[in-house]
Structures are given as structure tokens and as C-alpha cells.
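Everything below concerns the one structure shown next.
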Amino acid sequence: MDRKRPPYALFVAAAIGATFLLLPLVGLVVRTPWRHLPSLLGQHSVRVALRLSLETATAATVCCVVLGVPLAWLLARMRFRGRGLLRALVILPLVLPPVAGGIALLLAYGRHGVVGSWLFKAFGVSLPFTTQGVIVAETFIAMPFLIVSVEAAMRALDPRLDQAAASLGASRWFTFRHVTLPMLAPGIAAGAVLSWARALGEFGATITFAGNYPGTTQTVPVQIYLLLQDDPDAAIALSLVLLIVSIAILAALRDRWLPA
Amino acid sequence: MTDADQLAPARPLTAVIGVDRGDWSLEIAFDVEPGEVLALLGPNGAGKTTALHVVAGIEPLTRGHVQVGTECWDDAATTRRVATENRSLGLMFQDHVLFPRMSVRDNIAFGLRAHGLDKIAARAQADVWLARVDLAAFADRRPAQLSGGQAQRVALARALATDPAVLLLDEPLASLDAGTRMHVRTDLRTHLASYSGATLLVTHDPIDALVLADRVVVIEHGRVVQTGTPAQVARQPRTRYVAQLVGLNLFRGSAVGPVVTLTDGSQFTTADASSGKVFVVVRPSSVGVHRTRPEGSARNVWQASVNTIEQHGDLVRLALTGPPDTIADVTPSAVADLEMTVGAQVWLSAKATDIAVHADE
Numbered sequence: 013m014d015r016k017r018p019p020y021a022l023f024v025a026a027a028i029g030a031t032f033l034l035l036p037l038v039g040l041v042v043r044t045p046w047r048h049l050p051s052l053l054g055q056h057s058v059r060v061a062l063r064l065s066l067e068t069a070t071a072a073t074v075c076c077v078v079l080g081v082p083l084a085w086l087l088a089r090m091r092f093r094g095r096g097l098l099r100a101l102v103i104l105p106l107v108l109p110p111v112a113g114g115i116a117l118l119l120a121y122g123r124h125g126v127v128g129s130w131l132f133k134a135f136g137v138s139l140p141f142t143t144q145g146v147i148v149a150e151t152f153i154a155m156p157f158l159i160v161s162v163e164a165a166m167r168a169l170d171p172r173l174d175q176a177a178a179s180l181g182a183s184r185w186f187t188f189r190h191v192t193l194p195m196l197a198p199g200i201a202a203g204a205v206l207s208w209a210r211a212l213g214e215f216g217a218t219i220t221f222a223g224n225y226p227g228t229t230q231t232v233p234v235q236i237y238l239l240l241q242d243d244p245d246a247a248i249a250l251s252l253v254l255l256i257v258s259i260a261i262l263a264a265l266r267d268r269w270l271p272a
Numbered sequence: 309m310t311d312a313d314q315l316a317p318a319r320p321l322t323a324v325i326g327v328d329r330g331d332w333s334l335e336i337a338f339d340v341e342p343g344e345v346l347a348l349l350g351p352n353g354a355g356k357t358t359a360l361h362v363v364a365g366i367e368p369l370t371r372g373h374v375q376v377g378t379e380c381w382d383d384a385a386t387t388r389r390v391a392t393e394n395r396s397l398g399l400m401f402q403d404h405v406l407f408p409r410m411s412v413r414d415n416i417a418f419g420l421r422a423h424g425l426d427k428i429a430a431r432a433q434a435d436v437w438l439a440r441v442d443l444a445a446f447a448d449r450r451p452a453q454l455s456g457g458q459a460q461r462v463a464l465a466r467a468l469a470t471d472p473a474v475l476l477l478d479e480p481l482a483s484l485d486a487g488t489r490m491h492v493r494t495d496l497r498t499h500l501a502s503y504s505g506a507t508l509l510v511t512h513d514p515i516d517a518l519v520l521a522d523r524v525v526v527i528e529h530g531r532v533v534q535t536g537t538p539a540q541v542a543r544q545p546r547t548r549y550v551a552q553l554v555g556l557n558l559f560r561g562s563a564v565g566p567v568v569t570l571t572d573g574s575q576f577t578t579a580d581a582s583s584g585k586v587f588v589v590v591r592p593s594s595v596g597v598h599r600t601r602p603e604g605s606a607r608n609v610w611q612a613s614v615n616t617i618e619q620h621g622d623l624v625r626l627a628l629t630g631p632p633d634t635i636a637d638v639t640p641s642a643v644a645d646l647e648m649t650v651g652a653q654v655w656l657s658a659k660a661t662d663i664a665v666h667a668d669e
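Residue numbers (our numbering), protein chains in the order written: chain A, 13 to 272; chain B, 309 to 669.
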């Protein structure tokens, strides 16, 4: 066999790529005002935003699981016309610019929106610029992550498990609860963690649909954006918090996403 | 359990099945009486599994009907179709398909729970079944912790636990290695004997069909080519394919070490020692046919008279009257050389190493 020359050009490009990706993280860690970190993060407005972010991201994740798992089941297990189109539309928020998503949400669920005007007239409910609106925006952006994850897990299941369950007299619902769901648990968990991370970092759709009212709609990413002008150190500190959360999530999912 | 469930086991299965799929079609009909085991035997792609799936309600009919007792499960004429979960059946797959996240006990209890039994009662019944298949000690294990043979026994218990009217076995031994297959086959035979419903066995292995079934339906290219008891099909194959597939000498007897004494008093010497009730399998092509008593290495020699001579393609099958009654495959030139005629007295021989012995309990 020929001893081939190592492809230096590839090494150089790869090194530049890695540096490019890592430098901002290094910058964030280096420039973090570590000494003032407790006081920066202890500020009332920061604590309020952090708490709102955690609560809305968690609520959005619950919505994603409750609505997304049945949707993934429908896409994976039912055969119907337009299934491919439905799947494409459902995962569209993965690639849709979040700001456009926020505009779309306003047009649908805003007070003058297609459904929103009816919601307001019938129930007096108005979603935009409320905490519920934040949850709606985050769910909209995050749910495709859960659907993709769960649908893949569902497709990996042996369809004969369903046949075996049916042959034993189990209805589809009984089978879903006792056979399918337990086997999907790891896929659902991974999808939920991804959705939660995505919801926690959501900015574009949230600020467009829900605005930036401190205490009700001002989540951490929105606050970071606003703080950057008045209090850059606080913005950096909050960014560091989000970075640490992201690293924790990668560590939690390492068996699934980072094969050794 | 409802009254219907309790009455379920005493109903015959009647199936007239027509399925079209592109340029392939399946056209078969069969009945299975309560307590009877019917084998659908044929090569891969013959349509056996499709037939089983139609009975299970997993695949639809193009023509025909499936009926159990007076209950219609599927009828192409009326487009009436009972969903799989509402058919009183048990289904056993080639590889167990146990529910991986449940204990062995809960796997067996699953059908009972789906039928509305509470958890405690279902688990208690599952334990009875576990004892019956000798796996009581494995109740709390997960399916992944079982051997292939154990998993198939659990799958059988799971399928029978709801006391179904129809038991469907889809190549139940095909995924097991040879040694395990023998044990599980013996187990299966015992349990099928005490099962009062109709059993449909799909297999490509003639030994499964001959050992387990009361009647055999041979399918080729989606059509029935022969129906009969295992002995009938083995002794009088209608096509060369059936002759090769089903043509086995199957003798029952009891073994002491390497010597097997058959029920008719004749004896076989085998290469491996065994004990108790056994059946002995000798391929027709392994039986030597001679005009005079052969001198040589064959350990088993017996006399027989030629009963029938039938040609199937390039081989000739002789059915001979023993004891024991035997079938032998020879070439057409051998028939000429030996001046073989009906009624001729001949000597037969078989090497000990060409004789397979299986436990028969």
C-alpha cells in the first residue's frame, strides 16, 4: 500500500473551523466578570427573568410532549393521504426564522388573528404579550424537535409488537399505553430535553408574539438582548448561565448524541 | 371473562382465502377442527404466512371468508371484517416478539389484562402458565434475559393464556438452533395436545409438520398441491417438490442407549445414545435398496416388499412394507438394475449416522 501524504489542506480547514466555533465560547468564559457574578445574577430583574424562563420553558415542554407524542404517533403509524405534507409542515418551525414564526403566531392567535379574534370574543382570552403567549411561542418553535425525536423512536419499533398486542385482544389505546409508550420513553425524554433547551433559548418568536414585559414576558434571552446596551456585564453573566445549561444538556444526552 | 370466551375453544376454523398482490395470488381453502393441528407446509414465498395473516386479521382478503364456528371474522363479499383484537386468537411468531419492557410474567398476563382482568388475577394466572412451561423461576426477568428456547415457551404461554379459539403458529421453531428446536418442538407437542382449540401451524420444515400436525396442507406458488395426514403425504407425494420436502421416514419407538425399539418390534441402531420415548427420522435418500442381504458398514438392515413405485422427476420413490414400513428414493437406473417390481422382496439398509433421533415425550 502507498503511504499517502496527509491531506494538510483538510487539517488546516478543520483547525480553522474548530477555532472559529470554540473561540466565542472561550471569549465568553474569559470576559465573564467572575468576581461580580453573584451580585449580577442576584439582581431582582435577573432573578425574575431566570425564573420566568425556567417556568415557561418547562410549561412549553409539557405542551410539546402532550401534543407532540400523539402527533408523532399519527405520522409514524397511520397511513393517510397528505401524511408527507403534514410532516413537512409540522416540522417547518425547525427551519423557519423565529421572527417570521412570531408574525405567523400573531396572525393566527393575535387579538385580530384567525383564531385569536374568536378566542377573544368567546372567552375573552388574548394570548399576545402574556406569559401564556410566551409558552405558545416556545411550544411552536420547540415542538418539531420532540416530534422528530419521537417519530424516529417510533419507527424503530417492531410493528409486530402491535400485531402481537392486537392478537392478545388489546385495543390500540391499551397497546399504546402499555407497550408503545414504555418503549418510547427514552426517545420522549431525549426529545423533551431538546425541546426544553430550544424553548429556553427562544428569542425571535417570543419577542415578536409576546413582547418584553419584565415579569410576564421578558425571558432570559430577551433580557440579554436588552441588557447588552445598559449593563453588558449582566448580559455576559446571563449568557454564561445559558452556556452552562447547554453543556449540562449535552452531558445528559451524551449517550444518545455523542457516540464515543 | 365473558361467556363467549369460555365457549370459544370448541369452534372449528373454516377459511377460504383469495389474495391478489400484483402478479402473485393466493388461492387456498382449509378447515381446522377444535383440538386439531393443521400445518401449512411450503417453501418461502408460497403464501403460508399471508394465509396466517388473513386469519389473524393483519392482512385483508380479496376473495373468500374466514369463519370460526358461527362467527364470521372476514368476508370479502360483505366487506365485514372483525379487527384482530376482537378475534379470539393466539399468535406466536418466528422470534418470540415479547414485550421488551415487561417482565416475563407481565408478558403472559398482558392478554388477560387486555380482556379486562385485574392486575392481581392476571398475574396469578400468568404464574400458573409459567409453571406449566417450566419457567416459574424466570417470572421477574425481562425477555432479553431469556434464551431463544425459553422466550419461545413464554411466547406460547402468552398466546394460550387467553384461551383462544384459534392458535396461530408462524414458523415457531425457525429461529432456534437445532438442539433447542428439538426441545421446544417436544414442548410444543405436549401443549398442543392439551389445547382444545384449532391450531394453524405455518412452517417450511417438514419435521415440524410431520411431528406436530394431525393434517398437512402443502402449498406451492399460492396453491394447495396436496392435503392429507403426515403419513399419507409422506408415503404418496403428488409432486416432486412434495416428495423432496415431506418424504421422510418417521418411526416412533423407545430408546435404550444407541438401540431404538420401534412399536412394531423392529430395532434401529443409532450413532447417538438416547433414552425414553423417541422418534427416528431417516431420509428416503439415505435408505439403501439391495436384492441380497448387503455386506458392509451399514448397521441397520431389514427386509421389505415393494408396495408402490412412483417416479417424481429424476427420482423414483419406493413405498415398502416392512416392518417397519419404509419409503426409499432411488434413481431410475437403480430400479432397472435391481429389476424392481411391485411385490419384489428386497433388503434395505441405513447407516447409524444417517438416522436422526428426537425425544418424543
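Where a beta carbon is used, it is the ideal one built from N, C-alpha and C, also for glycine.
Cβ pair residue 556/B, residue 617/B closer than 8 Å: no
Beta-carbon neighbours of residue 430/B, restricted to chain A and to distances below 7 Å: Correct list: empty, because the minimum Cβ distance to chain A is about 11 Å.
Segment limits, beta strand (DSSP E) that includes residue 236/A: Run containing residue 236/A: none in the beta strand (DSSP E); it sits in the alpha helix (DSSP H), 232 to 242.
Extent of the continuous beta strand (DSSP E) run through residue 475/B: 474 to 478
Presumed contact (8 Å Cβ cut-off) between residue 576/B and residue 564/B, rounded CB distance: About 12 Å separates the two Cβ atoms, so there is no contact after all.
Residue-chain proximity (residue 170/A, chain B), Cβ-Cβ < 8 Å: yes
Counted within 10 angstroms of its Cβ, other Cβ atoms place residue 436/B as buried (16 or more) or exposed: exposed
Length at least 4, wholly inside the segment 132 to 216 of chain A: the alpha helix (DSSP H) runs in chain order: 143 to 167, 171 to 179, 184 to 187 and 193 to 213
Cut-off 7 Å between Cβ atoms - residues of its own chain near residue 350/B, not counting five sequence neighbours on either side: 356, 512, 526, 527 and 528
Residues, ordered as in the chain, of the segment 195 to 211 of chain A that lie near chain B by beta-carbon distance below 9 Å: 195 and 197
CB of residue 158/A within 8 Å of CB of residue 74/A, strictly: no
Those residues which DSSP pairs with residue 653/B across a bridge: 613/B
Under 9 Å (Cβ pairs) to chain A, residues found in the segment 378 to 396 of chain B: 391, 392, 393, 394, 395 and 396
Distance between beta carbons of residue 521/B and residue 635/B, contact taken as under 8 Å: At roughly 18 Å, the Cβ-Cβ gap does not stay under 8 Å, so residue 635/B and residue 521/B are not in contact.
Limits of the beta strand (DSSP E) - the one that residue 373/B falls within: 371 to 376
Cα-Cα separation between residue 410/B and residue 190/A, rounded to whole angstroms: 9 Å
Span separating the alpha-carbon of residue 315/B from that of residue 406/B: For residue 315/B, the predicted structure reports a pLDDT of 46, less than 50, and the residue's modelled location is therefore unreliable. The matter cannot be settled from this model.
Proximity of residue 334/B and residue 359/B at Cβ, strictly below 8 Å: yes
Beta-bridge partners of residue 585/B, as assigned by DSSP: 562/B
Length at least 4, wholly inside the segment 474 to 522 of chain B: the alpha helix (DSSP H) runs in chain order: 486 to 501 and 514 to 520
First and last residue of the uninterrupted alpha helix (DSSP H) at residue 35/A: 20 to 43
Contact under 8 Å by Cβ, residue 607/B with residue 659/B: yes
Simplified DSSP state of residue 103/A, which is helix, strand or coil: coil
DSSP bridge partner residues for residue 338/B (one or two, in chain order): 323/B
Nearest-angstrom Cβ-Cβ length linking residue 413/B and residue 469/B, presumed shorter than 8 Å: Residue 413/B to residue 469/B, Cβ: 11 Å. No contact.
Cβ of residue 405/B within 8 Å of any chain A Cβ: yes
Minimum Cβ-Cβ distance from residue 325/B to chain A less than 8 Å: no
Beta-carbon neighbours of residue 466/B, restricted to chain A and to distances below 9 Å: 176 and 180
Straight-line gap, residue 671/B to residue 336/B (C-alpha atoms, nearest Å): Examination of residue 671/B is not possible in this model, given that chain B is present from 309 through 669 alone.
Nearest-angstrom beta carbon gap, residue 354/B and residue 517/B [assumed within contact, 8 Å]: Their Cβ separation, rounded to whole angstroms, is 13 Å, which puts residue 517/B and residue 354/B out of contact at 8 Å.
Partner residues on chain B for residue 127/A, Cβ-Cβ distance less than 9 Å: The contacting residues do not exist; residue 127/A stays about 36 Å from chain B at best.
Entirely enclosed beta strand (DSSP E) segments - the segment 358 to 431 of chain B, minimum 3 residues: 371 to 376, 379 to 383 and 397 to 400
Straight-line Cα distance separating residue 425/B from residue 309/B: Note on residue 309/B: pLDDT 42, under 50, position unreliable in the model; the coordinate value appears next. Near 8 Å, if we compare the C-alpha coordinates of residue 425/B and residue 309/B.
Any non-hydrogen atom of the ligand PLP within 7 Å of residue 185/A CB: The ligand PLP is absent from the structure shown, which contains no ligand whatsoever.
Cβ contact (3+ pairs, closer than 8 Å) linking the segment 499 to 512 of chain B and the segment 470 to 477 of chain B: yes
Three-state secondary structure (DSSP) of residue 92/A: coil
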